[in-house]
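Heads up: the sequence shown at position 213 corresponds to 547 in our numbering, and the numbers run straight through without jumps.
The beta carbon of each residue, even a glycine, is placed where N, CA and C say it ideally should be.
Every value quoted in this text rests on a predicted model; they were computed, and no experiment measured them.
Just below is one structure, and these are the notes that go with it.
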Amino acid sequence: MPAHYYAIIDIGSNTMRLVIYMREQGGRLKEIENVKAVARLRTYLDENNELTAPGIEQLINTLTSFQEVMNTYSLQDIVCVATAAIRQANNQSTIQSEVEKQTGLQMRILSEHEEAFYGYLAVVNSTSIKDGITVDIGGGSTEVTYFKNRKLIESHSFPFGALTLKQFFKKDIPTKDEWHKLHNYLLDQFHQLPWLVNQEIPLIAIGGSARNLVQIDQNMKNYPLAGLHQYQMYDADIRSVQYYLTSLKPEKLQKVEGLSKDRADIIIPAIEVFETLYQTIHADRFILSRKGLRDGVFYQQLSKEMGIDIFPNVLEDSIQEMINDYQLNTKQIIHVQYLTRTLFTYFKDHGLIHFTKNDWELLQRACYLCHLGEYIDAESSAQHTFYLLANRTIDGLMHKERLELALVASYKNKTTFKQFMKPYKEWFLKSERKKLRYLGALLKFSYSLDATKRQVVKELLIDQGDESLLVTAKCHNDALPEAYQAEKQKKHLEKVLKQPLDITFTQHP
């Protein structure tokens, strides 16, 4: 399938971005280029609320620069959208005309509802969150939505953003009185929407200010995993970052790890929005969505072609992307899943290991991705499998869930498991660590029963003997390599079961 490239230009009040996407085989979009320019168009609005000539020139020059990048791709489509700064300008038709005249681009000005809707669409198509409230703080507006069972229920656009809220402060670091006034103003604004109050559901944040908040939090904690999408924080974490930033002198604020220099003067009012909204909602957690308005625009484009607004299986689609990217053997995966399910069900039903429905879901995903690392190097496959899964964004999985998947799918032996687990040991209870090791040992044994990828073992019969667990592998062909590998790998499972495993391979025509 030839690569199809698409471009979107997002003209915001603070920043402008060009993003190039490549369409994957499954129809989803993969970001391959992201160019940012700090235009701060909001500051070019005059007393008549018109974008001045210097502002239009800044806009045109930035778009021209973007076109130089776009010219290096054979693009299927270019979408150019503008948000609050242009939407609120009284001379927006003049701006549109100048843009088309000088660049050939047709600039679409998004309504408040459209801007909020695209943020919601990006979140539900890149996470597995069913109920939540989204917030997207721009330079000149703030969009919030409420969705339930992944369906949009409410949306609203507030006429303030990080740039406009900055006016509450005389300097970059606010006084207590200024901070208090901003907090009360936001509290009053948010309580005007009854559907925001006391929802006790996740608050999902979109946009540059949210990304910077997360990056600062990760640096403060020496966070060991890569990636921002679906990173989770709580009220105390937001306040901790807030107190840290407000304790700094202005010149130190510019040098904070994880904070973009162009956001240093607006990050504190933006974080106050998150904190006040968190309190209003009584949110159960704060989650960052790396996917936002730009992704939402293209999700709508795809929905027209595919006939669906919302992808029904976000996580499954993301796993399928990896199967395609790393050329995994689907036939073997399905067969090993069948063998694994047979063993899992027997152990669970006979009380040999306390397994749950959630354990099977994790194990089933790990079946898909167990051999991921072989794409890089067969000899050190386990190490590469762990690194790739622990550090790659997987839509639909929170960071801890991603780590659990990495630990099970990469299982080689108890020693390597402990090595992989070491930086994250405090994330899990002892019982949780044991369970992950048990699942990994089971998966490793199952794959040994298809060592040559021929699916020779057609059925497993399991019975409890007097002193050992009896496993009969019914085969349709010679299974000597599988027998060798099974004998080699069974020790890991025997330690889990606390009894010997007696395996017999029988050949049937």
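Check	Outcome
Considering only C-alpha positions, which residue in the set 810, 677 and 519 is nearest to residue 803?	677
Let me know the secondary structure DSSP gives residue 652 once reduced to three states.	helix
Using beta-carbon positions only, say whether residue 353 and residue 628 come within less than 8 Å of one another.	yes
With DSSP as the reference, identify every bridge partner of residue 492, one or two as the case may be.	476
Comparing alpha-carbon positions, which option in 601, 809, 422 and 488 lies nearest residue 576?	601
Decide if residue 458 is buried, meaning its Cβ has at least 16 other Cβ atoms within 10 Å, or exposed.	buried
Report the three-state DSSP secondary structure of residue 831 (helix, strand or coil).	helix
With which residues is residue 796 paired in a DSSP beta bridge?	805
State the DSSP-derived secondary structure class of residue 564, mapped to helix, strand or coil.	coil
Residue 620 lies in the beta strand (DSSP E); which residues open and close that run?	620-623
Quick one: using the 10 Å Cβ neighbour count with 16 as the cut-off for buried, is residue 668 buried or exposed?	exposed
Would you decide whether residue 531 is buried or exposed? Buried here means 16 or more other CB atoms lie within 10 Å of its CB.	exposed
List in chain order: all unbroken alpha helix (DSSP H) runs of 4+ residues lying wholly within the region 482-565.	496-499, 510-524 and 542-555
Is residue 487 buried or exposed, if buried means 16 or more other CB atoms sit within 10 Å of its CB?	exposed
I think residue 746 touches residue 716, with their Cβ atoms under 8 Å apart; what is that distance to the nearest whole Å?	4 Å
Starting from the Cα of residue 476, find the closest Cα among 557, 608 and 726 and give me that residue.	608
Are residue 779 and residue 823 touching if we call contact CB-CB under 8 Å?	yes
Let me know the secondary structure DSSP gives residue 349 once reduced to three states.	strand
Start and end of the beta strand (DSSP E) containing residue 364?	363-372
Consult DSSP for residue 839 and reduce its assignment to one of helix, strand or coil.	strand
Among 517, 623 and 613, which has the Cα closest to the Cα of residue 547?	623
Is it true that the CB of residue 378 sits closer than 8 Å to the CB of residue 365?	no
Please state whether DSSP places residue 687 in a helix, a strand or coil.	coil
Tell me whether the beta-carbon of residue 549 lies closer than 8 Å to the beta-carbon of residue 732.	no
Helix, strand or coil for residue 730, going by three-state DSSP, please let me know.	coil
Give the secondary structure of residue 788 by DSSP, where H, G and I count as helix, E and B as strand, and everything else as coil.	coil
Of all Cβ atoms in chain B, is any one closer than 8 Å to the Cβ of residue 643?	Looking at the structure shown, chain B is missing, and only one protein chain is on hand.
What's the C-alpha gap between residue 451 and residue 481?	10 Å
For the region 611-626 and the region 532-543, state whether three or more C-beta atom pairs, one from each stretch, are separated by less than 8 Å.	yes
Would you decide whether residue 578 is buried or exposed? Buried here means 16 or more other CB atoms lie within 10 Å of its CB.	exposed
Out of curiosity, what's the CA-to-CA distance linking residue 376 and residue 485?	32 Å
Among the candidates 783, 740, 598 and 542, whose CA atom is the shortest distance from the CA of residue 350?	542
What is the rounded straight-line gap between the Cα of residue 659 and the Cα of residue 652?	11 Å
Can you tell me the Cα-Cα spacing of residue 569 and residue 603, whole angstroms?	16 Å
How is the alpha helix (DSSP H) around residue 468 delimited, first residue to last?	No alpha helix (DSSP H) holds residue 468; the beta strand (DSSP E) holding it covers 466-471.
Bridge partners for residue 343 per DSSP, in chain order?	352 and 414
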